[in-house]
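**Student:**
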Amino acid sequence: MKPCGENCQCTIFHQETLTKVEKALHPDAEYQALNELFKVFSDLTRIKILEAIKDDQLCVCDLSHLVGISKSAVSHQMTYLKKYHLVKSAKVGKMVYYSLNDPHAIEIIQHAYSIMKGQQAHA
1 MKPCGENCQC TIFHQETLTK VEKALHPDAE YQALNELFKV FSDLTRIKIL EAIKDDQLCV
61 CDLSHLVGIS KSAVSHQMTY LKKYHLVKSA KVGKMVYYSL NDPHAIEIIQ HAYSIMKGQQ
121 AHA
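The sequence shown runs contiguously to residue 123 in the numbering used here.
#1: Shortest alpha-carbon distance to Lys82 belongs to which of Val67, Ile106, Thr17, Val40?
#2: Per DSSP, which one or two residues make a beta bridge with Tyr97?
#3: Classify Leu100 as buried or exposed, calling it buried when 16 or more other Cβ atoms lie within 10 Å of its own Cβ.
#4: To the nearest angstrom, how far is it from the Cα of Ala52 to the Cα of Thr79?
#5: Assuming Ile115 contacts Leu50 (C-beta within less than 8 Å), just tell me the rounded distance between them.
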């Protein structure tokens with residue numbers, strides 16, 4: 001058994017386990033990138049938009065109506081979602097249609113719903 005470190009006076013009891021776990025952890029930069037991605041899913045409007053376009057492409061006007069925000073606000077959110085390659089756009093004449101680019105986005109939302117249901121069942 002040895003001390004944990006300079007700033008901590010606790011004792012490490014399971015050095016072998018700690019070494020194994022430390023090797024399995026990702027670099028901090030990857031955790032930061034993951035944190036940034038999860039911010040996409042921390043906004044109610046973005047979640048609604050992703051669910052709205054999961055099966056069909058929609059224009060900004062339709063999304064504005066569905067989500068209840070201005071066309072400008074929808075466009076802003078679409079720019080944010082495109083930054084993470086979650087949505088794609090297609091211009092048809094003067095109209096721009098948005099659709100889901102990465103189905104993993106919906107899987108993340110569905111997993112979150114499952115977690116919520118599990119928490120409610122245990123409450």
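Where is the CB? At the ideal position from N, CA and C, for every residue including glycine.
Since we're looking at a predicted model, the values are computed, not measured.
**Tutor:** In short:
#1: For the purposes of this step, residue 82 is taken as residue 82 along the sequence shown, with counting starting at 1. Among Val67, Ile106, Thr17, Val40, the Cα nearest to that of Lys82 belongs to Val40.
#2: Locating residue 97 in the sequence shown gives position 97, counting from the first residue. Paired residue(s): Cys59, Ala90.
#3: Your numbering for residue 100 matches position 100 in the sequence shown. Buried: at least 16 other Cβ atoms inside 10 Å.
#4: Mapped onto the sequence shown, residue 52 falls at position 52. Mapped onto the sequence shown, residue 79 falls at position 79. Computed Cα separation, rounded: 16 Å.
#5: Along the sequence shown, one-based indexing puts residue 115 at 115. Along the sequence shown, one-based indexing puts residue 50 at 50. Going by Cβ atoms, the distance from Ile115 to Leu50 rounds to 17 Å, so no, they are not a contact pair.
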